[in-house]
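Sequence order for the protein chains is A and B.
Take the first sequence: its letter number 74 is residue 74 in the numbering used here, and every next letter is one higher.
Count along the second sequence starting at 1, add 1000, and that's the number in the numbering used here.
Beta carbons are placed, not taken as given, at the ideal position from N, Cα and C, and that holds for glycine.
Number of protein chains: 2
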Amino acid sequence: MVLQAVLPDGDVVKTGSRARKSAAGYDLTRLIIGSEGTLGVITEVTLRLQKLPSHSVVAMCNFQTVKDAADVAIATMHSGIQVSRVELLDEVQIRAINMANGKSLPEVPTLMFEFIGTEAYALEQTLLVQKIAAEHHGSDFVFVEESNAKEELWKIRKEALWAGFAMEPDRQAMITDVCVPLSGLAECISVSKQLLDASPLTCLVIAHAGDGNFHTFILFDPSQEEERREAERLNHLMVHTALSMEGTCTGEHGVGTGKMKYLEKELGMESLRTMKRIKAALDPNNIMNPGKLIPSHVCI
Amino acid sequence: MVLQAVLPDGDVVKTGSRARKSAAGYDLTRLIIGSEGTLGVITEVTLRLQKLPSHSVVAMCNFQTVKDAADVAIATMHSGIQVSRVELLDEVQIRAINMANGKSLPEVPTLMFEFIGTEAYALEQTLLVQKIAAEHHGSDFVFVEESNAKEELWKIRKEALWAGFAMEPDRQAMITDVCVPLSGLAECISVSKQLLDASPLTCLVIAHAGDGNFHTFILFDPSQEEERREAERLNHLMVHTALSMEGTCTGEHGVGTGKMKYLEKELGMESLRTMKRIKAALDPNNIMNPGKLIPSHVCI
Chain A
1 MVLQAVLPDG
11 DVVKTGSRAR
21 KSAAGYDLTR
31 LIIGSEGTLG
41 VITEVTLRLQ
51 KLPSHSVVAM
61 CNFQTVKDAA
71 DVAIATMHSG
81 IQVSRVELLD
91 EVQIRAINMA
101 NGKSLPEVPT
111 LMFEFIGTEA
121 YALEQTLLVQ
131 KIAAEHHGSD
141 FVFVEESNAK
151 EELWKIRKEA
161 LWAGFAMEPD
171 RQAMITDVCV
181 PLSGLAECIS
191 VSKQLLDASP
201 LTCLVIAHAG
211 DGNFHTFILF
221 DPSQEEERRE
231 AERLNHLMVH
241 TALSMEGTCT
251 GEHGVGTGKM
261 KYLEKELGME
271 SLRTMKRIKA
281 ALDPNNIMNP
291 GKLIPSHVCI
Chain B
1001 MVLQAVLPDG
1011 DVVKTGSRAR
1021 KSAAGYDLTR
1031 LIIGSEGTLG
1041 VITEVTLRLQ
1051 KLPSHSVVAM
1061 CNFQTVKDAA
1071 DVAIATMHSG
1081 IQVSRVELLD
1091 EVQIRAINMA
1101 NGKSLPEVPT
1111 LMFEFIGTEA
1121 YALEQTLLVQ
1131 KIAAEHHGSD
1141 FVFVEESNAK
1151 EELWKIRKEA
1161 LWAGFAMEPD
1171 RQAMITDVCV
1181 PLSGLAECIS
1191 VSKQLLDASP
1201 LTCLVIAHAG
1211 DGNFHTFILF
1221 DPSQEEERRE
1231 AERLNHLMVH
1241 TALSMEGTCT
1251 GEHGVGTGKM
1261 KYLEKELGME
1271 SLRTMKRIKA
1281 ALDPNNIMNP
1291 GKLIPSHVCI
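Written out as structure tokens, the structure is:
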């Protein structure tokens, strides 16, 4: 990937060549990606295209507990199977999908998979994972290979966010985004689930389980200060659980202003100081998305 | 991957968490990797381990021209086949291997592959590539699956560097390292090969063809100024060929002092100025590997 970006002083930088790999200088591409607009404005992105796989399989499996489901995701990834997607939905998320779409899926923790490759390989991987699931009390393992059937099955996952919002349409969703080392996912998600189940708020869990990354949608009424505080308390506890397991406060959504307070615990003051020095060197007048990402109390 | 690094002011930074992905702040990991010691000293590296594949196949195939061999590497990568290694050796490199190891391999451009996965998948990929090779005048396609046979066959590639050095033991090797977008590899390698074949110096080509990255070993007598100049001329022309194809002057060996002069053409003065600003912000006294990577004439 290569970027063209306009820096605060008006310099237009190209961050690399079109070669697949390069050792030519500092990696400005990665520095600017994830800087959330604080170092410059990205004006062009060159991506490497991937060939569509010749075949894919979509599979789904039910579990008694989120821990079992997470254990299967972990075992699948650790077995070296090249699963292209593995998503975990808890029973509340499945209930939301049933309500939104008039479905009658079993309201239990569920894993969804996509396997890609040649026809034979995708099927071989599917059957290997079916076996792993059976070893962890998985039930109702189904898989489909036909194009329309795959689209129909994956729709369950694709529409999960909207089904979650629709569950209590008068409420807002606070969306959390912790990510932990894969080996810790089952523990982190189990601890979080106990917390969420004990809350008076409706909470849905959806995880990119293959990455150790999971989101919860905490539905709250923004006009009720008590509900907002409860949502924040849950988010806060989950972040601290993740950080205590050497995870991150944000797997993919970014820092913005909401996660700034966790960065010192996650990365240490020295890292934040280094980030602030880079920010000050490239944007001395602090004109690019000021007040974001780096806490204001960090001194350079 | 996470680093611990000591910065010029003595700050010890941790560049990330142990989560597989994170959006928590600037990517200091990637910034420090490839900075060639100019921003700090890496004192700890945490890597994610990969599971060894359950099966692998090693294959080899001969070609009339380096262009045909490169075309097969390109077609293989573009076909979506998940080849784990694809290496191209030209006829001079094969001659060096024959001389060093008493082998009698056909002295023609040669591709070597490694395929990984389940047993069925690795074999399936192998046969797909055999078909691609046949479409590009490939001959003598062989593959092995047994552990000792794989080791024996891959040894040819593994010992290529030493065989190259041994070819003319009184000479030194200047090793080049350009990398181009994969679609341009066949052209770049063909143009380079004409240049190398026309030189009085012995030149060997070895390519990480799947990445579009190739090395030449140019053997020269360092006591002969004329030979050194000829080696530099060849290197220079290959770098300019690669840059004219939106490639890089260094795919993996780094900049050091030797490649500094190409960075402006590859990345533009604005990118170099940005790098120098980062260097000056983190190392204001220029105590970390001074004089490397960023050309001295770059002004901040």
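> Whose C-beta lies closer than 8 Å to the C-beta of residue 1257(B) among residues of the same chain, with five residues either side of it excluded?
Replying inline: 1291 and 1292
> Beta-carbon separation of residue 1074(B) and residue 1182(B) under 7 Å?
Replying inline: yes
> Taking buried to mean at least 16 other C-beta atoms within 10 Å of its own C-beta, is residue 30(A) buried or exposed?
Replying inline: buried
>> Taking only three categories from DSSP, how would you classify residue 330(A)?
In response: Residue coverage of chain A in this structure runs from 1 to 300, which leaves residue 330(A) outside it and unanswerable.
> Quick one: any contact between the segment 1058-1071 of chain B and the segment 41-60 of chain A, if contact means 3 or more CB pairs under 8 Å?
Replying inline: no
> residue 1240(B) lies in the alpha helix (DSSP H); which residues open and close that run?
Replying inline: 1225-1244
> Rounded to the nearest angstrom, how far is the Cβ of residue 1100(B) from that of residue 1163(B), given a contact under 8 Å?
Replying inline: Confirmed, about 4 Å.
>> With a threshold of 7 Å on Cβ separation, who are the neighbours of residue 42(A) within its own chain once the five nearest residues in sequence on each side are excluded?
In response: 3, 5 and 32
> Rounded to whole angstroms, how far is the Cβ of residue 1246(B) from the Cβ of residue 17(A), which I believe are closer than 8 Å?
Replying inline: 6 Å
> residue 251(A) versus chain B: which residues are under 7 Å apart at the beta carbon?
Replying inline: 1019, 1021, 1022 and 1023
> Comparing alpha-carbon positions, which option in 1022(B), 1024(B), 1236(B) and 1028(B) lies nearest residue 1282(B)?
Replying inline: 1028(B)
> Between which two residues does the beta strand (DSSP E) carrying residue 1203(B) extend?
Replying inline: Secondary structure note for residue 1203(B): its beta strand (DSSP E) is the uninterrupted segment 1202-1208.
> Just reading off the alpha helix (DSSP H) that residue 1134(B) is part of, what are its end residues?
Replying inline: 1119-1135
> Does the Cβ of residue 229(A) have 16 or more other Cβ atoms within 10 Å, making it buried, or fewer, making it exposed?
Replying inline: exposed
> Taking just the CA atoms, how far does residue 1067(B) sit from residue 119(A)?
Replying inline: 31 Å
>> Is it buried or exposed, residue 1127(B), if we count other Cβ atoms within 10 angstroms and call 16 or more buried?
In response: exposed
> Taking the C-alpha atoms as reference points, what is the distance between residue 217(A) and residue 7(A)?
Replying inline: 36 Å
> Would you say residue 1014(B) reaches chain A, if we count a Cβ-Cβ gap shorter than 7 Å as a contact?
Replying inline: yes
>> Check whether the segment 1186-1195 of chain B and the segment 1128-1142 of chain B are in contact - that is, three or more C-beta pairs closer than 8 Å.
In response: No: the two stretches stay apart, fewer than three of their Cβ pairs being nearer than 8 Å.
> In or out: residue 1048(B) buried (at least 16 other Cβ within 10 Å) or exposed?
Replying inline: exposed
> Shorter than 7 Å from the beta carbon of residue 9(A) to some beta carbon of chain B?
Replying inline: no
> Which residues in the same chain as residue 265(A) place their Cβ atom closer than 7 Å to its Cβ, once the five residues preceding and following it in sequence are excluded?
Replying inline: Hits under 7 Å: 243.
> Hey, how far is the Cα of residue 1237(B) from the Cα of residue 1069(B)?
Replying inline: 22 Å
> Taking the beta strand (DSSP E) that residue 140(A) falls in, what are its first and last residues?
Replying inline: Start and end: 139-144.
> Relative to chain B, which residues along the segment 52-86 of chain A have a C-beta separation below 8 Å, given in chain order?
Replying inline: 52, 53, 54, 78, 79, 80 and 82
>> Please list, in chain order, the chain B residues whose beta carbon lies closer than 9 Å to that of residue 120(A).
In response: The answer, in chain order, is 1120, 1121 and 1124.
> How many Å lie between residue 1143(B) and residue 1095(B) at the Cα?
Replying inline: 21 Å
> Whose C-beta lies closer than 8 Å to the C-beta of residue 37(A) among residues of the same chain, with five residues either side of it excluded?
Replying inline: 288, 289 and 292
> Secondary structure at residue 1171(B), three-state DSSP: helix, strand or coil?
Replying inline: coil
>> I need the straight-line Cα distance from residue 1071(B) to residue 1197(B), nearest angstrom please.
In response: 20 Å
> Between the segment 168-183 of chain A and chain B, which residues of the former have CB atoms less than 9 Å from a CB of the latter, in chain order?
Replying inline: 177, 178, 179, 180, 181 and 182
>> For residue 1090(B), count the other beta carbons within 10 Å of its own beta carbon; 16 or more makes it buried, fewer makes it exposed. Which is it?
In response: Here residue 1090(B) is buried: its Cβ has 16 or more other Cβ atoms, across all protein chains shown, within 10 Å.
>> So, under 8 Å CB-CB, residue 1112(B) and residue 1081(B) are touching, yes? Tell me the CB distance rounded to an integer number of Å.
In response: For a cut-off of 8 Å, the C-beta gap from residue 1112(B) to residue 1081(B) is around 15 Å, too long to register as a contact.
>> Which residues of the segment 205-217 of chain A have a Cβ closer than 9 Å to any Cβ of chain B? Give them in chain order.
In response: 208, 210, 211, 212 and 213
> Between which two residues does the beta strand (DSSP E) harbouring residue 1098(B) extend?
Replying inline: That residue, residue 1098(B), is in no beta strand (DSSP E); its alpha helix (DSSP H) goes 1091-1101.
> Do residue 1234(B) and residue 1212(B) come within 7 Å of each other at the CB atom, strictly closer than that value?
Replying inline: no
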